[in-house]
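Visitor: With the numbering used here applied, the sequence shown covers 674 to 795.
Even for Gly, the Cβ is constructed at its ideal location relative to N, Cα and C.
Note that the coordinates shown come from a computational prediction; the quantities given were computed from them, not determined experimentally.
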Amino acid sequence: MDERVGFTAMKDGTKEDYELLARLEKPFLALTAERVLEELRRAGETTFEGYQITRLQHGLQSGTRALRDGADIDWVVGALLHDIGDGLAPQNHDRMSAEVIRPFVRWDVSWTVEHHGIFQML
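Structure representation (structure tokens):
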């Protein structure tokens with residue numbers, strides 16, 4: 674059965690509509706990590722002109738360096754995925770990358786990812 678809400682404007686949704694959406698959204702949310710990994714794989718297929726390595730290699734290098742430095746899992750994830758937004762939002766990838774990881778890491782890690790463009794300028 675194809676379950677759908679009865680509204681076309683969000684303001685017209687009922688409690689039951691939003692409960693249905695929450696239930697139907699769970700399988701999609703459960704696959705978030707897989708979608709992030711797929712984006713990371715795609716980063717291995719492209720790079721910006723002039724660089725010697727792909728965006729995937731850069732993320733793996735960053736994550737590996739964080740791990741070897743003794744960083745905890747949040748920092749390793751932040752280092753690995755700090756440029757995950759490059760493919761869709763190259764001009765503001767730092768903010769997009771932070772939003773991707775924000776639900777899963779500590780505040781200080783997502784803040785650093787969000788502002789890492791500033792640190793590149795130092």
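Could you give the DSSP three-state label for Ile791: helix, strand or coil?
Guide: helix
Visitor: For Asp759 and Arg738, which I take to be in contact (beta-carbon distance under 8 Å), what is that distance rounded to the nearest angstrom?
Guide: Under the criterion of beta carbons closer than 8 Å, Asp759 and Arg738 do not qualify as touching, at roughly 18 Å.
Visitor: So for Leu761, helix, strand or coil by DSSP?
Guide: Shown here, Leu761 sits in coil according to DSSP, grouped into three states, outside any helix or strand.
Visitor: Give the secondary structure of Tyr691 by DSSP, where H, G and I count as helix, E and B as strand, and everything else as coil.
Guide: helix
Visitor: Which one of Arg741, Ala682, Gln725, Asn765 has the shortest CA to CA distance from His788?
Guide: Asn765
Visitor: Candidates Ile791, Asp756, Phe680, Ala762: which alpha carbon is nearest Ile774's?
Guide: Asp756
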